[in-house]
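Residues -23 to -1, 1 to 186 in mature numbering (1 follows the signal peptide of the UniProt record, and there is no 0) are what the sequence shown lists, from first letter to last. All C-beta atoms in this analysis are idealised placements derived from N, C-alpha and C, irrespective of residue type, glycine included. Remarks on the structure that follows.
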Amino acid sequence: MGTRSTFTAALACTALALTSACDDGNTTGSPTTAPPTTTAQSPANFGTPTVENPLDTSSIDAKPCDVATPEQMNQLPGTVSESKTEDTALKSQSCAWFFDDEDQFSLGTVRAGTNLEGGANGLRTYYKAQAQGTLTVFKELPPVQGYPAVAYEQGGEREGKCAMAVGVRDDRAYTLTVSLRKDHPNYSDPCTIGTKISEFAIEYLQGKQ
């Protein structure tokens, strides 16, 4: 098997940490769409969208790999050769998925979770960082099943990588980092992988409410 490149991203604005994954594969079941989000106008919120249908994330805070079944993950390009829960530098937990091709060579890694300091204040953390000029990338993404999402970087941007966050509550974000190799079909659009895994996570959480 080829050597995997381990990707770790840290966003050092108010102790941001994230973990890191998505594709156009079809999900199972009929997803429920949350109501449209609104944007808070208070200067203290830095224009952060309000989450109209907040989700309780306690079911995955300590079990982040539960958000997707192996069958769902294998709808994405490549084969998930391994998934495991990891402790991050800030003593939170994330799920790491490792993707291989049919010849067992690494296609990339995705890390994601909710129990992260970077997501402890929801999307406000990222909107504040953007307002303060500490981000080198900040882009509002299309909502993920009605939940607001952003892509961001603080100097670590490169092709094949996507760091993104989805606001699942006003005080909590589901954060992901996708790190793909050149052979991965979504190398030029890694946020597609992150969006798909976010959809899996939201569907799972909606079923736990």
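If you compare the alpha carbons of 37, 130, 174 with that of residue 106, the shortest gap goes to 130. Between the stretch 38 to 51 and the stretch 120 to 139, the count of C-beta pairs closer than 8 Å stays below three; the two stretches do not touch. Distance from the CA of residue 152 to the CA of residue 146, rounded to the nearest whole angstrom, comes to 12 Å. Counting C-beta atoms within 10 angstroms of its own C-beta, residue 154 has 16 or more neighbours from the protein chains shown and is therefore classed as buried. By the Cβ neighbour-count rule, residue 122 is buried, with 16 or more other Cβ atoms within 10 Å of its own.
Collapsing the DSSP output to three states places residue 49 in a helix. In the DSSP annotation of this structure, the continuous segment of the beta strand (DSSP E) that includes residue 151 starts and ends at 149 to 157. In terms of Cα proximity to residue 61, the closest of 76, 79, 42, 162 is 42. Residue 58 places its beta carbon 7 Å or farther from that of residue 38.
Judged by beta-carbon spacing, residue 169 lies within the 7 Å limit of residue 163, meaning their Cβ atoms are closer than that value. Residue environment for residue 69: buried (at least 16 other C-beta atoms within 10 angstroms of its C-beta). For residue 63, the enclosing beta strand (DSSP E) begins and ends at 56 to 64.
By a beta-carbon distance limit of 8 Å, residue 99 does not contact residue 158. Their separation comes to about 31 Å. Under the three-state reduction of DSSP output, residue 69 falls in the coil class, being neither helix nor strand. Per DSSP, the continuous beta strand (DSSP E) segment holding residue 142 begins and ends at 138 to 146.
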